[in-house]
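Counting from 1, position 32 in the sequence shown corresponds to residue 28 in the working numbering; the numbering is continuous, with no gaps. The beta-carbon is built from N, C-alpha and C at its ideal position, and this holds for glycine as well.
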Amino acid sequence: MTKTKNIEFRLSKLEKGPDKKVLAIMEIRSRAIAGSLLKQISCQALKDR
């Protein structure tokens, strides 16, 4: 695929909106990040006692 075609393809995908798979992956990653942050916060709270 040429560079121009590749850019056009990406733009058309963006115009359609985000893919459901991409949204699912982003949600999983955000939950993993939130979980690790909560774990760090609770560990820090226990250390501060």
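| task | Could you give the DSSP three-state label for T(-2): helix, strand or coil? | result | As a position in the sequence shown, residue -2 is number 2, starting the count at 1. Reduced to three states, the DSSP call for T(-2) is coil.
| From what residue to what residue does the alpha helix (DSSP H) around G31 run? | Taking the sequence shown and counting its residues from 1, one reaches residue 31 at position 35. Where G31 is concerned, the enclosing alpha helix (DSSP H) stretches over 16 to 44.
| field | Straight-line Cα distance separating D44 from I21 | value | As a working note, residue 21 is residue 25 in the sequence shown. As a working note, residue 44 is residue 48 in the sequence shown. If you take the alpha carbons of I21 and D44, they lie about 35 Å apart.
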